[in-house]
Structures are given as C-alpha cells and as structure tokens.
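Engineer:
Number of protein chains: 2
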Amino acid sequence: MKRSNTQKLKDALEEDIINGQLLPGAKLDHDALAAKYGVSRTPIREAIQQLVVSGLVTVKAKKGTFVAKVGFDQLIEMFEVMAELEGMCGRLAARRIQPAELEALRAALHRCEDSDVMSDPDDYYYENEEFHNCIYTASHNSFLATEARQLKQRLKPYRRLQLQTRNRVSTSVNEHRRIFEAIEKGQEYEAEQQLKEHVLIQGTRFSDFVSQVKTFGNSSQETS
Amino acid sequence: MKRSNTQKLKDALEEDIINGQLLPGAKLDHDALAAKYGVSRTPIREAIQQLVVSGLVTVKAKKGTFVAKVGFDQLIEMFEVMAELEGMCGRLAARRIQPAELEALRAALHRCEDSDVMSDPDDYYYENEEFHNCIYTASHNSFLATEARQLKQRLKPYRRLQLQTRNRVSTSVNEHRRIFEAIEKGQEYEAEQQLKEHVLIQGTRFSDFVSQVKTFGNSSQETS
DNA sequence: TCAAATAATATTGACAACAATATACAACAA
DNA sequence: TTGTTGTATATTGTTGTCAATATTATTTGA
C-alpha cells in the first residue's frame, strides 16, 4: 500500500508533536516545512488541515498555524473525559474479557512490575501503555478503544511534564494490580472506579505541577 | 469573518450527510461536486479529507470516496459510548448546574412536554435536542460537550431510521422528567443512570429496527 | 513625538495542468 | 467458457502560479 505525501507528512508532524519535538505553541511555517520535506505547499497544507480537525494544531487567521496549546482549564476537562473513557473500558473489560486476553493482561502487569524493580521510568512508560492497551482490547468495543487512544495522544504532549518519580511508578503499579484483580474477578464497578481514579490521579498530579510553573500558559515558543 | 470555500463545502456536505440528503454509501464524485458548486477540485478535495478525519466519510483507494457506512456492530459500539458520554454529562450537571441553567433546563423540559401534547414528532426532535444541549452546558465541561455533540452528529444519519411513534415520544418525555428531577436534586448517580438508559433505549429500539431491515448492511446507494 | 496614511510583506486560498497509479474493460488466446 | 494480456479510463496526488486579504513596517504630516 502506497501512502501519499500528505499522509506521510501528517504522520510525521503528529509524531513530532506527540513526542515533544514540536512543542505546543510552535509555529508551523508552510514554506519552511515544504523546504524541509522537499514537497510543494499543497500536501503540507492538507496535512495541517487534517491535524486541525483532530485537534493537535490550531490556526490563528492570518497569523500562522501553531501546534495546539490547550489551556489549563481545557486540560482538566480532557483528563476528566479520559478518566471516564478509561473507566468505561475497565467496566466492559471486567464483563467481557476472554481467557487469552486475561493472560495477556496478566503478562503486561508483570512486565510493569519488572520495570518497576529496575526503576527505569522510560521502560515503565511503554509497559504502562501496553497494560492499558490490553484493557482497551478486552473491552471489545473497538470504537471506544480508538477514541480513548486518540484522546490519550492529544494529551501526550503535556504528560511529558509529569514528574515521573520512583514513588509514583510503584504507586502506579499497585493501582494496576488492583485494576487487574477487579477485572479478573469480573467486578465491573470496582474496575471502573479504580481506572477512573488511576487516570485522575495522574491528572491531579499533573495539574499540581503545571499550576506551579507559572510561565506555562503564556510562553510563546517558536520553531526550533 | 470570511470563510473559505473549503469550509463552506465541508459544512454543506456535513449538513447533507446529517440530514439524510446524502445517504450512507453515496458516492462523492470530486468532479461532479466541483461542477455543482462551481469551484475547482482543490477545495472539494480538502473538504472531503477533513470529513474523513472526523469520520463522516471514507475513501476506498482508487474506488472513490463515499459517505461513511458504519457497520451494524460499530453502530452498537457507538451507541454504547454515546450513552456513557451522556451519562457523564448528567452526572456532572447534577453536581455543577447553576440556578439559571436549571431554569433553562426546566423550560426545555416543558417545551418537550408541549410538543408531546401536539404529537408533532419533528418539533419534538428539535426540543429534545435543546433539552440535551442544556445538560451539556450544565456539565461545565465544554470539551465533553463538544465530543458528545460530535458523536451525536455521526450517529444522526442512522437515527433517521428510528421509528418515532407517538408512544416513544411520551415515554421519552417521562424519561426527561426523571432526568430533570435527578439533576434538580443533585442526585449524580441517578442522573447518570437515567441518561445512560435513555440513550441505550434509543439504541436498542434502533438496533431492533435495523436488524429487521436485512437489506441495510449490504445495499449500495449511489448519488441522487 | 505621535498618529494617520501608505507601502511592503506574510498568510492563505484557489485554480489549471500535469503526472502517476490502479481499476475496468475488451480483445485475444487456450 | 475461462483466463490472460494489454489498453482505456477514473481516481488521486502534486506542482507552479496567481489572487485576495490581513498584518506589519515605513513614511509622512502635524
């Protein structure tokens, strides 16, 4: 399958935004990008338009297009919704999970625990994602899974700001353990609540951090 | 504020899809649309690309672009998520609603009741939307409200298939009354559950209907 | 010095034309 | 009939160019 320049551009920019290569507020200059990637303005333009629809990029009319910088309040709102979606995944997973899926989830949990022992936050970050992905799958609602993943991506540029202390990781693993047990036992309500809290704690810790960094909401960053 | 052709096209197509002028599966021919709206292919192309991102349109490579025809299973999944989002709105509204908002909700409820008396389904449809919009606002989570509205739009092309019996309308109003009371009394859990059910009942009735119409999933419709 | 008017510039939108690719169709052969 | 090959066609992607509009910079006049 051959993908168009527009699609490749879109993916590349999305990556850069999610991974923090392009910080919120950074300007996306059409001509500069066209030069960088060796294409004309059209595919750039189209890629950016699509990113606008999905919410990762915003345009200020006649001022330029910028990596979306979501305000503090909206960030809280987004975490609130994220928690709800994750909770729903947990509830459905507790009801619908299949034996093989349960084993996959157990394995993912163990990998989280291992990376905890080694105190490698980056590794944990990946395993953590896998754990949650297992729950998405087990919810047997692929539309929900897609929506959840999409929202998580939109939040990622800001989760980099979270402080990943050793303590937080071990706490997180404990939460995972409780979530797993609830799903294993088919306790829908418990699984939902645990997952909601799990996400909201992240959100709270995050917002505590952000509210300390006063410069955040106002700083205007340019392209590196 | 001046809107571009691309934006106008996008809105126009969106409207046509949501209101059933363009049925799921209908082909969107670039050249035909360009001729119809008297513009070149570029704005058409860009408008369509954006609709693809938001899920209303799909492209089959080298076969053409079509109004998205979501399968029966995915439709169920979407209703499941819709119910969750509406339930969340209700829960938050019960906690956060302001006096003025409560009065607006009460007024919307009364308008639903009135349109029930007159047995005018079309009118009820509109007032029903207003009622739910009031709840969205009262949730004080504008991100959630946007997501809910967006998903509702994606479902709209299929809700046309629902049978709007007089009976259903009066039942619906009763549900609205219970929802309103729960929100008024600040009963978060009750409001959430009532709203979830309210949506799921629609979804169930709908799926009952769809599963009878065998031809639905397979029929390939062309542009009118 | 300040403010209004004007010029220069950047952003954005749109078009026509060209190019590449995959599909559908038809002619042909087995 | 069935299958294969080649040709025509439709779809899709990309480019260079032009045009419209708003912002920024500069000049001008008081």
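So the protein lines, in turn, are chains A and B. Be aware that the first sequence starts at 13, since it is given in the numbering used here, and climbs by one per residue. Be aware that the second sequence starts at 13, since it is given in the numbering used here, and climbs by one per residue. Beta carbons: idealized from backbone N, C-alpha and C, even for Gly. Since we're looking at a predicted model, the values are computed, not measured.
Give a yes or no on whether 8 Å exceeds the smallest Cβ distance from Val79 of chain B to chain A.
Structural biologist: Here residue 79 of chain B refers to the residue found at position 67 of the second sequence. Not closer than 8 Å to any Cβ of chain A, the Cβ of Val79 of chain B fails to qualify, so no.
Engineer: Against Ser52 of chain A, what residues of chain B qualify as contacts under a CB-to-CB distance less than 7 Å, listed in chain order?
Structural biologist: Here residue 52 of chain A refers to the residue found at position 40 when the first sequence is read from its first residue. Within 7 Å Cβ-Cβ: nothing; Ser52 of chain A doesn't reach chain B, min ~12 Å.
Engineer: How should Tyr148 of chain A be labelled, buried or exposed, when 16 other C-beta atoms within 10 angstroms of its C-beta is the threshold for buried?
Structural biologist: Residue numbering aside, residue 148 of chain A sits at position 136 when the first sequence is read from its first letter. Answer is buried; the Cβ neighbour count reaches 16.
Engineer: State buried or exposed for Ala44 of chain A, treating a residue as buried only when at least 16 other CB atoms are found within 10 Å of its CB.
Structural biologist: By one-based count along the first sequence, residue 44 of chain A stands at place 32. With fewer than 16 Cβ atoms within 10 Å of its Cβ, Ala44 of chain A is classed as exposed.
Engineer: Helix, strand or coil for Phe221 of chain A per DSSP?
Structural biologist: Numbered from 1 along the first sequence, position 209 holds the residue referred to as residue 221 of chain A. Of the three classes helix, strand and coil, the one that applies to Phe221 of chain A here is helix, per DSSP.
Engineer: Please classify Ala47 of chain B as buried or exposed, where buried requires at least 16 neighbouring CB atoms within 10 angstroms.
Structural biologist: Mapped onto the second sequence, residue 47 of chain B falls at position 35. Exposed: under 16 other Cβ atoms inside 10 Å.
Engineer: Are any of the Cβ atoms in chain A nearer than 8 Å to that of Phe84 of chain B?
Structural biologist: Against the second sequence, residue 84 of chain B aligns to sequence position 72. Output row for Phe84 of chain B: interface = no.
Engineer: Can you name the residues that DSSP bridges to Gly215 of chain A?
Structural biologist: One-based indexing of the first sequence puts residue 215 of chain A at position 203. None, per the DSSP bridge assignment.
Engineer: Taking beta-carbon pairs under 7 Å, can you tell me which members of the region 145-173 of chain B lie near chain A?
Structural biologist: The region 145-173 of chain B vs chain A, Cβ under 7 Å: Asn153, Ser154, Phe155, Leu156, Glu159.
Engineer: Measuring CA to CA, which of A:Val211, A:Val79, A:Lys75 is closest to Gln62 of chain A?
Structural biologist: The sequence position of residue 62 of chain A within the first sequence is 50, counting from 1. For Gln62 of chain A, the nearest C-alpha among the options comes from A:Val79.
Engineer: Does Gln110 of chain A get closer than 8 Å to chain B when you measure Cβ to Cβ?
Structural biologist: Taking the first sequence and counting its residues from 1, the one referred to as residue 110 of chain A is at position 98. No, because no Cβ of chain B sits closer than 8 Å to the Cβ of Gln110 of chain A.
Engineer: Return yes when the Cβ of Ala203 of chain A is within less than 8 Å of the Cβ of Ala119 of chain A, no when it is not.
Structural biologist: Reading the first sequence from its first residue, position 107 is the one you call residue 119 of chain A. Reading the first sequence from its first residue, position 191 is the one you call residue 203 of chain A. Cβ distance not < 8 Å, so Ala119 of chain A and Ala203 of chain A don't count as in contact.
Engineer: Going by CA-CA distance only, name the one from A:Ala194, A:Gln199, A:His188 that's closest to Ile213 of chain A.
Structural biologist: Locating residue 213 of chain A in the first sequence gives position 201, counting from the first residue. Measuring from the Cα of Ile213 of chain A, the nearest candidate turns out to be A:His188.
Engineer: Mind listing the chain A neighbours of Glu202 of chain B? Cutoff is C-beta to C-beta under 8 Å, in chain order.
Structural biologist: Numbered from its first residue, the second sequence carries residue 202 of chain B at position 190. What Glu202 of chain B touches in chain A: nothing, since even the nearest Cβ is about 16 Å away.
Engineer: Just the chain A side, please: which residues come within less than 7 Å of Ser66 of chain B by C-beta, in chain order?
Structural biologist: Position 54 of the second sequence, counted from the start, is the residue given in the question as residue 66 of chain B. Simply Val65.
Engineer: Take Lys81 of chain A as the anchor and find which of A:Gly67, A:Ala73, A:Val93 has the nearest alpha-carbon.
Structural biologist: Your numbering for residue 81 of chain A matches position 69 in the first sequence. Here the closest residue by C-alpha is A:Gly67.
Engineer: Along chain A, in chain order, which residues have C-beta atoms closer than 9 Å to that of Gln61 of chain B?
Structural biologist: Residue numbering aside, residue 61 of chain B sits at position 49 when the second sequence is read from its first letter. Neighbours of Gln61 of chain B on chain A, chain order: Thr18, Glu58, Gln61, Gln62, Val65.
Engineer: Strictly under 8 Å for the Cβ-Cβ distance: is Val93 of chain B near chain A by that measure?
Structural biologist: In the second sequence, residue 93 of chain B corresponds to position 81, counting from 1. Cβ-Cβ to chain A under 8 Å: yes for Val93 of chain B.
Engineer: Measuring only the C-alpha atoms, how far is Gln110 of chain A from Ala150 of chain A?
Structural biologist: Taking the first residue of the first sequence as position 1, residue 110 of chain A is located at position 98. Taking the first residue of the first sequence as position 1, residue 150 of chain A is located at position 138. Taking the straight line joining both Cα atoms gives about 7 Å.
Engineer: Would Ser52 of chain A be called buried (16 or more neighbouring beta carbons within 10 Å of its own) or exposed?
Structural biologist: Here the question's residue 52 of chain A lines up with position 40 in the first sequence. By the neighbour-count rule (16 or more Cβ atoms within 10 Å), Ser52 of chain A is not buried but exposed.
Engineer: Does the beta carbon of Glu139 of chain A come closer than 8 Å to any beta carbon on chain B?
Structural biologist: On the first sequence, residue 139 of chain A is found 127 positions in, with the first residue counted as 1. Taking Cβ atoms only, chain B never reaches closer than 8 Å to Glu139 of chain A, which makes this a no.
Engineer: Can you give the beta carbon distance from Leu163 of chain A to Leu97 of chain A, rounded, assuming they're within the 8 Å contact cut?
Structural biologist: Start at 1 with the first residue of the first sequence, and residue 163 of chain A comes out as number 151. Start at 1 with the first residue of the first sequence, and residue 97 of chain A comes out as number 85. About 7 Å; that satisfies the 8 Å criterion.
Engineer: Give the straight-line distance between the Cα atoms of Asp126 of chain B and Glu193 of chain B, rounded to the nearest whole angstrom.
Structural biologist: Your numbering for residue 126 of chain B matches position 114 in the second sequence. Your numbering for residue 193 of chain B matches position 181 in the second sequence. Computed Cα separation, rounded: 18 Å.
Engineer: Check the Cβ-Cβ distances between Glu98 of chain B and every residue of chain A, and say whether any is below 8 Å.
Structural biologist: The sequence position of residue 98 of chain B within the second sequence is 86, counting from 1. For Glu98 of chain B, the answer is no, since every Cβ of chain A falls outside 8 Å of its Cβ.
Engineer: Taking Glu92 of chain B as the reference, which of B:Pro55, B:Ala160, B:Lys14 has the closest Cα?
Structural biologist: Within the second sequence, numbered from 1, the residue matching residue 92 of chain B stands at position 80. It is B:Ala160.
Engineer: Give the straight-line distance between the Cα atoms of Gly99 of chain A and Leu207 of chain A, rounded to the nearest whole angstrom.
Structural biologist: Position 87 of the first sequence, counted from the start, is the residue given in the question as residue 99 of chain A. Position 195 of the first sequence, counted from the start, is the residue given in the question as residue 207 of chain A. Taking the straight line from one Cα to the other gives about 5 Å.
Engineer: Tell me whether Tyr138 of chain A is buried or exposed, calling it buried when 16 or more other Cβ atoms sit within 10 Å of its Cβ.
Structural biologist: The residue given as residue 138 of chain A occupies position 126 in the first sequence. That one is exposed.
Engineer: My output table needs one value for Lys81 of chain A: the three-state DSSP class, helix, strand or coil.
Structural biologist: Within the first sequence, the letter at position 69 stands for residue 81 of chain A. Residue state, collapsed to three classes: coil.
Engineer: Residues of chain B with a CB under 7 Å from the CB of Glu89 of chain A: which are they?
Structural biologist: One-based indexing of the first sequence puts residue 89 of chain A at position 77. Those within 7 Å of Glu89 of chain A in chain B are Asn153, Ser154, Phe155, Leu156.
Engineer: Shortest alpha-carbon distance to Ile56 of chain A belongs to which of A:Val185, A:Val71, A:Arg123, A:Leu40?
Structural biologist: Locating residue 56 of chain A in the first sequence gives position 44, counting from the first residue. The candidate whose alpha carbon is nearest that of Ile56 of chain A is A:Leu40.
Engineer: Using 8 Å for Cβ pairs, my map puts Pro169 of chain B next to Ile60 of chain B. What's the rounded Cβ distance?
Structural biologist: As a first step, residue 169 of chain B is located in the second sequence; it is residue number 157 there, counting from the start. As a first step, residue 60 of chain B is located in the second sequence; it is residue number 48 there, counting from the start. About 16 Å separates the two Cβ atoms, so there is no contact after all.
Engineer: Quick one, which of B:His210, B:Arg166, B:Asn145 has its alpha-carbon nearest Val65 of chain B's?
Structural biologist: Here the question's residue 65 of chain B lines up with position 53 in the second sequence. The candidate whose alpha carbon is nearest that of Val65 of chain B is B:Arg166.
Engineer: Give me the DSSP bridge partner(s) of Lys72 of chain B.
Structural biologist: Indexing the second sequence from 1 puts residue 72 of chain B at position 60. In the DSSP output, where bridge partners are listed per residue, Lys72 of chain B has B:Gly76.
Engineer: Looking at the strands, I want to know which residues DSSP matches up with Lys9 of chain B.
Structural biologist: This structure does not reach residue 9 of chain B, given that chain B is present from 13 up to 236, and the question cannot be answered.
Engineer: Is there a Cβ of chain B sitting closer than 8 Å to that of Leu25 of chain A, yes or no?
Structural biologist: Walking along the first sequence from the start, residue 25 of chain A turns up at place 13. No, because no Cβ of chain B sits closer than 8 Å to the Cβ of Leu25 of chain A.
Engineer: Run the CB neighbour count on Gly83 of chain A, radius 10 Å, all protein chains shown included, and call it buried at 16 or more, exposed below.
Structural biologist: Translated into the one-based positions of the first sequence, residue 83 of chain A becomes position 71. Its Cβ having fewer than 16 others within 10 Å, Gly83 of chain A is exposed.
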